[in-house]
Amino acid sequence: MFKNILSLILFNLLLFVIWSCGTMAKKDDKISVPQKISVELPKVIQPQKESSSSQKLIKRSKKSFAYEELKDDVNYLNGLRIDIEVNLLFLDAVIDDIDKKCKETALNSICKIPEDTLEILFDEELSLEYKKITNESDTYTIGETLTFGDIEFIKRSSTEKYAYNVKMDTSFASNGTSSQTIEWSKNHHQVLSTYREETDSLSSEIKIDYSKRESGEEQMVVDDGYKSRENSSSDKFHFDLVKEVDRNETYRLSSSSESVDTDLIKTSFTSIGVLSNQGGFLRFKGVVELENFAEYEEFDSGGTIISSSYCYEDFDECSVDDESSWVRE
Numbered sequence: 211m212f213k214n215i216l217s218l219i220l221f222n223l224l225l226f227v228i229w230s231c232g233t234m235a236k237k238d239d240k241i242s243v244p245q246k247i248s249v250e251l252p253k254v255i256q257p258q259k260e261s262s263s264s265q266k267l268i269k270r271s272k273k274s275f276a277y278e279e280l281k282d283d284v285n286y287l288n289g290l291r292i293d294i295e296v297n298l299l300f301l302d303a304v305i306d307d308i309d310k311k312c313k314e315t316a317l318n319s320i321c322k323i324p325e326d327t328l329e330i331l332f333d334e335e336l337s338l339e340y341k342k343i344t345n346e347s348d349t350y351t352i353g354e355t356l357t358f359g360d361i362e363f364i365k366r367s368s369t370e371k372y373a374y375n376v377k378m379d380t381s382f383a384s385n386g387t388s389s390q391t392i393e394w395s396k397n398h399h400q401v402l403s404t405y406r407e408e409t410d411s412l413s414s415e416i417k418i419d420y421s422k423r424e425s426g427e428e429q430m431v432v433d434d435g436y437k438s439r440e441n442s443s444s445d446k447f448h449f450d451l452v453k454e455v456d457r458n459e460t461y462r463l464s465s466s467s468e469s470v471d472t473d474l475i476k477t478s479f480t481s482i483g484v485l486s487n488q489g490g491f492l493r494f495k496g497v498v499e500l501e502n503f504a505e506y507e508e509f510d511s512g513g514t515i516i517s518s519s520y521c522y523e524d525f526d527e528c529s530v531d532d533e534s535s536w537v538r539e
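Its first residue numbered 211, the sequence shown is counted upward by one per residue in my numbering.
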């Protein structure tokens, strides 16, 4: 009798262990979509209408072409971030369905899901999350059903940098194609977003590469470019932002931009800087309307300029290559 009871207890214990391990494995294997794909921007260059930091920096007495260009690029970058995070929000709503449909697909192989196979209901909960990202509420209607285009899904082996890859067809125009690809690691510390568009008039690609190190330091590298199919115009932009782990919320940034218009006139600039809640600096060099220029701005924690200098090639009293000769304010 005792032996039978003991056997029953051991059997039930074994079932519990097997069930627990199965549950844990299933939980660990559950795919979650990253919600963060970029480093939070420093306040002094955030695209805000009523930012005291930004306004103080804008209201310098001399023109600051480079800062305005950087601000425009950052504003554009913020728009990209919003678009990608909306795609991630919608992807998260169907990732379990994608995983189920692709269960039998081998690792590192493409699982294809045809358009109109997956759909989501734009309910109140989704509407609230959408509004948090976009600050808009009238793009979709509550109760509306949203369908996906073609989807390609890859689950990679554990030795790969990115564990998952989802490519979504985002084509709407009849004269072109576009796609959004998201690759990410299981812990969401490595996320690569790529958007490609091909139309009759242009070819473009935008990449945002986000990473978080074990130290907590975050980095975002952005590469954006397009080429016209109708003329010789082109544009490319590179932005590298690192957020350090310290009390001062220190950021290191560098960027470069180059555009060529239809008359083959090139505008370009580069910038480097260090920004924190203690202050910082931005240094610019570039070419505008065939004229070389250089600028340097140092500001306090509130964004107020405390020193600046600049030089434009047509100035007789300074040389762009000699910072000691620049005009100081």
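Note that beta-carbon positions come from the ideal geometry of N, C-alpha and C, so glycine has one too.
- Item | Backbone secondary structure at glutamate 527 - three-state DSSP | In the three-state reduction of the DSSP assignment, glutamate 527 falls in the coil class, being assigned neither a helical nor a strand state.
- Check each candidate in Glu501, Trp536, Leu500, Glu527 and name the one with the smallest Cα separation from serine 517. Looking at the Cα atoms, Trp536 is the closest of the given residues.
- Task: Can you tell me which of the three DSSP states tyrosine 522 falls into?
- Result: Three-state DSSP puts tyrosine 522 in a strand.
- Exposed unless 16 or more other CB atoms sit within 10 angstroms - verdict on lysine 342: Answer is exposed; the Cβ neighbour count stays below 16.
- Message: Check this for me: beta carbons of glutamate 427 and glutamate 454, under 7 Å apart or not?
- Response: Going by beta carbons, glutamate 427 and glutamate 454 fall inside the 7 Å limit.
- Query: For lysine 310, is the classification buried or exposed, using 16 other Cβ atoms within 10 angstroms of its Cβ as the cut-off for buried?
  - Reply: Looking at its Cβ environment, which holds fewer than 16 other Cβ atoms inside 10 Å, lysine 310 is exposed.
- Query: Who are the near neighbours of glutamate 527 in its chain, counting only those whose CB is closer than 8 Å to its CB and skipping five residues on each side?
  - Reply: The residues are Ser535, Val537.
- Give the straight-line distance between the Cα atoms of isoleucine 361 and arginine 423, rounded to the nearest whole angstrom. Rounded to whole angstroms, the separation of the alpha carbons of arginine 423 and isoleucine 361 is 30 Å.
- Query: Going along the chain, which residues of its own chain have a beta-carbon closer than 6 Å to the beta-carbon of histidine 398, five neighbours each way excluded?
  - Reply: Excluding residues within five positions, the ones whose Cβ falls inside 6 Å are Pro244.
- Message: Let's test the definition: count the other Cβ atoms within 10 Å of the Cβ of aspartate 282 and tell me whether it reaches 16, buried, or not, exposed.
- Response: Exposure of aspartate 282 is indicated by the presence of fewer than 16 other C-beta atoms within 10 angstroms of its C-beta.
- Query: Does DSSP classify alanine 316 as helix, strand or coil?
  - Reply: If DSSP states are grouped into helix, strand and coil, alanine 316 belongs with coil.
- Nearest-angstrom Cα distance between lysine 437 and glutamate 408? Answer to the nearest angstrom: the Cα atoms are 10 Å apart.
- Counting pairs of Cβ atoms below 8 Å between the segment 360-376 and the segment 312-327, do you hit three or more? In short, these stretches touch, since the Cβ pair count reaches three.
- Task: Whole angstroms is fine: what's the gap from threonine 387's alpha carbon to leucine 463's?
- Result: Going by the C-alpha atoms only, they are around 33 Å apart.
- Query: Does the pairing of the segment 435-452 with the segment 464-482 give three or more beta-carbon distances under 8 Å?
  - Reply: The segment 435-452, when compared against the segment 464-482, does touch it at the 8 Å Cβ threshold.
- Query: Between the Cα of glutamate 335 and the Cα atoms of Val249, Thr351, Glu533, which residue gives the shortest distance?
  - Reply: Among Val249, Thr351, Glu533, the Cα nearest to that of glutamate 335 is on Thr351.
- Using three-state DSSP, classify asparagine 419 as helix, strand or coil. Note on residue identity: the sequence assigns aspartate, not asparagine, to residue 419. Aspartate 419: strand per DSSP, three-state reduction.
- Item | Bridge-paired residues (DSSP) for arginine 406 | Bridge partners of arginine 406: Ser389, Glu415.
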